[in-house]
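Undergrad:
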Amino acid sequence: MLPLFIARKHLFSRKSRSVINWIAGVSFVAVAVPVTALVVILSFHNGLGDFIGKMYSEFDSDLRLTPRQGQLFDAAGLCGKIAALPEVETVSATAEQNVLITYSDRQWIAVMRGVDSAYRDVVPIARRMVQGRYRLQYGDPGEAVVGQGVAYALGVQTAFPEPLRIYAIRPGSNSSAASFLPMSYYRTANIRPGGIYALDEQTDSRYIFVPLEFARRLMGAGDQVSSLEIRLKEDISPEAGKRAVATAAGPGFEVKTRFEQKETVYRMVEQEKWVIYLLLMFVVLIAALSLVGSVVMLAADKERDREMLLAMGGTPALLRRIFAWEGTLIAACGVAAGILLGVGFAVLQQQAGIIKLAGDAFLMDAYPVRIELSDLIVVAGGVLLLGMAVSALTAAGLIKRK
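Heads up: take any position in the sequence shown, counting from 1, add 1, and you land on the numbering used here.
1) If we ignore side chains and look at the alpha-carbon of each, how far apart do residue 262 and residue 30 end up?
2) Would you mind listing the beta strand (DSSP E) stretches within the stretch 32-78 that are 3+ residues and don't spill past its ends, in chain order?
3) To the nearest angstrom, report how far apart residue 114 and residue 82 are at their CA atoms.
4) How should residue 98 be labelled, buried or exposed, when 16 other C-beta atoms within 10 angstroms of its C-beta is the threshold for buried?
5) Look at the alpha carbon of residue 248 and the alpha carbon of residue 125, and state the distance between them as a whole number of angstroms.
6) Which residues in the same chain have their Cβ closer than 6 Å to the Cβ of residue 281, if we skip the five residues on either side of it in sequence?
7) Count Cβ pairs between the stretch 195-206 and the stretch 222-230 that sit closer than 8 Å; are there 3 or more?
8) Looking only at DSSP bridge pairs, what is residue 283 linked to?
9) Checking 7 Å against the spacing of the C-beta atoms, do residue 391 and residue 292 come in under that value?
10) Decide yes or no for the touch test of the stretch 243-258 against the stretch 41-59: beta carbon pairs closer than 8 Å, at least 3 of them.
11) Output needed for residue 197: all residues of its chain with C-beta closer than 8 Å, excluding positions within five of it in sequence on either side, in chain order.
12) Taking 7 Å as the threshold (C-beta atoms), are residue 32 and residue 381 in contact?
13) Among the residues of its own chain, which have a CB less than 7 Å from the CB of residue 286, if the five just before and after it don't count?
14) Since residue 404 is in the beta strand (DSSP E), which residue starts that stretch and which ends it?
15) Would you mind working out which of 48, 62, 27, 42 sits nearest residue 239, comparing C-alpha positions?
16) Rounded to whole angstroms, how far is the Cβ of residue 164 from the Cβ of residue 192, which I believe are closer than 8 Å?
17) Locate the beta strand (DSSP E) running through residue 91, then write down its first and last residues.
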């Protein structure tokens, strides 16, 4: 502990007030600022990840069951069997197909999802209504709920009585050649838009919701469905629910959790976080190089003390450890200050929402943040390791030359 004791005396002694200490202070700030930025940016990224997860939880169910072969299946008996499982809260049947929609003189390719009355209990899409109401089973043939992006592309207004005209390719037709098929290859039906929802651009510019029976008639699906959307009970984990449902459904069906339904998106968010971390660590590395100047100046300022230590029986290795510890202490103080500042700013953002989101496209005013202890540990550990490495290499070079 002798090298640490001497290094601490060099840096924090009350009698030690010189330009060297000012240089050490600059290095301290150079480390603290990027550490603060790391904590803030990672906390913001966590908040955005939570927001994306919450957003998709209002479109994707806890579990989705689909056939391994084909697109449609008879779910009459299977639906009741799965609903009876102790892990399952609600089950909803859906029928889905790509369709062409025309409205006035405009047209748009979308995904029609027919849903039953239980769907709103499985996926709370009704919370995302921005115009009209979520009222699919209303009259005959019911009403459609249109995504905001689809509504914008078609010019849909729920206050107008004009219906949507939906074209679905008849069973057995080649969907890849849809744009070249004559109209006789399509089934058509009209349905009035009763509401508009807003979620995210990728979703609400692609999906419309219609009553299940309407979708079945248009698709020619009979009593078959495309998938079963399943909501689990609150105390059931997705993996436990998946195992129970997969066992009940049998090998002919595939069950996916919400993460697996949007696996690419969730993995991209997680990978993006660590790419940001690595990029900012390069900034920290450049800042840590300022420790080189501090250690060199400290070594020059303490030349008389070094000679005295050597005369008293000290070794070059002891001197190297002293100056390595001095650089490490500067880095450690910078890390501590940076983490405190970063956490403080993140907490302030949580409470006061200092940084606002631009425009009205989001359903929140300010950037969301979430502080993770693991992020703080990774940031502190990474920066300290860099600081220790730079200080040790600098000290080794100095003492070797002398």
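Note that the Cβ used here is the ideal one computed from N, Cα and C, for glycine as well. Note that this is a predicted model, so its numbers are computed, not measured.
TA: In short, the structure shows the following:
1) Residue 262 and residue 30 have their C-alpha atoms spaced approximately 45 Å apart.
2) Given a length threshold of 3 residues, each whole run of the beta strand (DSSP E) inside the stretch 32-78 is given here in chain order: 64-68.
3) If you take the alpha carbons of residue 114 and residue 82, they lie about 23 Å apart.
4) With at least 16 other beta carbons inside 10 angstroms of its own, residue 98 counts as buried.
5) Inter-residue distance for residue 248 and residue 125 is about 27 Å (C-alpha atoms, whole angstroms).
6) Counting only Cβ-Cβ distances below 6 Å, and skipping sequence neighbours, we find 39.
7) With a cut-off of 8 Å, the stretch 222-230 and the stretch 195-206 do not count as touching, because too few Cβ pairs lie within range.
8) In the DSSP output, where bridge partners are listed per residue, residue 283 has none listed.
9) Taking 7 Å as the Cβ cut-off, residue 391 and residue 292 qualify as a contacting pair.
10) Between the stretch 243-258 and the stretch 41-59 there are fewer than three C-beta pairs closer than 8 Å, too few to call the two in contact.
11) Taken in chain order, the residues that qualify are 130, 131, 132, 133, 146, 147, 148, 149, 152, 157, 159.
12) Taking C-beta atoms as the reference points, residue 381 and residue 32 fail to come closer than 7 Å.
13) If we look at residue 286 and ignore the five residues flanking it on each side, its Cβ neighbours are 387.
14) Residue 404 lies beyond the stretch modelled for the chain, which goes from 2 to 403, so this question has no answer here.
15) The option with the nearest alpha carbon to residue 239 is 62.
16) By a beta-carbon distance limit of 8 Å, residue 164 contacts residue 192. Their separation comes to about 6 Å.
17) Element bounds for residue 91: 89-104.
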